[in-house]
Amino acid sequence: MEAHGAGFRRVFLLAFCVVGIWSAYIYQGVLQETLSTKRFGLDGKRFEHLAFLNLAQNVVCLVWSYIMIKLWSSSSSGGAPWWTFWSAGITNTIGPAMGIEALKYISYPAQVLAKSSKMIPGEIFFKDCVVMLQ
C-alpha cells in the first residue's frame, strides 16, 4: 500500500512541476507580448530593446544554472564538470537574441510559414520512430 502512495506522490510532484513550468512560460509570453506591442510614456513609444532584454534574461539563466550546478552536484558523484556545459549555455544565451534581430528583416507571413513548417519534419521523424517500434 505504501508503494502506491509513493507513486501517487511522484505523479503529483510531476504534475505540479509541469503546471509550474507551463504557467511560467504562459506568463512570460503574456509579458513579452505586452512589452512588444504596448506603447509606453507620454509619446506613446514602443519598447525598442527586446533583443537586449532577451539577452539579459538568458545571461541571468546561464549564471543561475552555473550556481545550481555548483550547489547540487558534487565532484565525487561522477558527473560531468561544469565547463563541459559552456557551449550549450553560450549558444542558448546568444541564439534567441540573434533570432529576434534576424526576424526584423523577415515579413510576418514568412515567419508564420517558417514556424508552422517546423512541425512537419518532427512529425515525419516521430511517425518513422513509431513504425520502427512496432
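Count along the sequence shown from 1, add 7, and you get the number used in the working numbering.
From the three backbone atoms N, C-alpha and C, an ideal C-beta is built for every residue, glycine too.
Buried versus exposed, by CB contacts within 10 Å (16 or more), residue i
{"i": "Thr44", "result": "exposed"}
{"i": "Ala180", "result": "Outside the shown range of the chain, which is 8 to 141, sits residue 180, and nothing can be said about it."}
{"i": "Leu62", "result": "buried"}
{"i": "Thr41", "result": "exposed"}
Contacts around residue i, its chain only, beta-carbon distance under 7 Å, and the 5 residues preceding and following it disregarded
{"i": "Leu110", "result": "Gln118"}
{"i": "Val66", "result": "Thr100"}
{"i": "Glu108", "result": "Ala58"}
{"i": "Lys52", "result": "Arg46"}
{"i": "Ser124", "result": "none"}
Other residues of its chain near residue i: CB distance less than 8 Å, five sequence neighbours each side excluded
{"i": "Gln39", "result": "Leu57"}
Which of helix, strand or coil DSSP assigns to residue i
{"i": "Lys77", "result": "helix"}
{"i": "Lys52", "result": "strand"}
Reference residue i, options the options, closest by Cα
{"i": "Cys68", "options": "Leu49, Lys52, Asp50 and Ala95", "result": "Ala95"}
{"i": "Tyr73", "options": "Tyr115, Ser123 and Ile97", "result": "Ile97"}
{"i": "Phe92", "options": "Gly36, Val70, Leu120 and Ile28", "result": "Val70"}
{"i": "Gly102", "options": "Gln64, Pro128, Ser80 and Arg16", "result": "Gln64"}
Element boundaries [alpha helix (DSSP H), containing residue i]
{"i": "Ser123", "result": "Tyr115 to Ser124"}
{"i": "Trp93", "result": "Trp93 to Leu110"}
Contact test: residue i Cβ vs the ligand ATP heavy atom, cutoff 8 Å
{"i": "Gln64", "result": "Judged by which ligands are present, the structure shown has none, so any question about the ligand ATP falls away."}
Spatial neighbours of residue i in its chain, beta-carbon cut-off 6 Å, leaving aside the 5 residues before and after
{"i": "Phe54", "result": "Leu42"}
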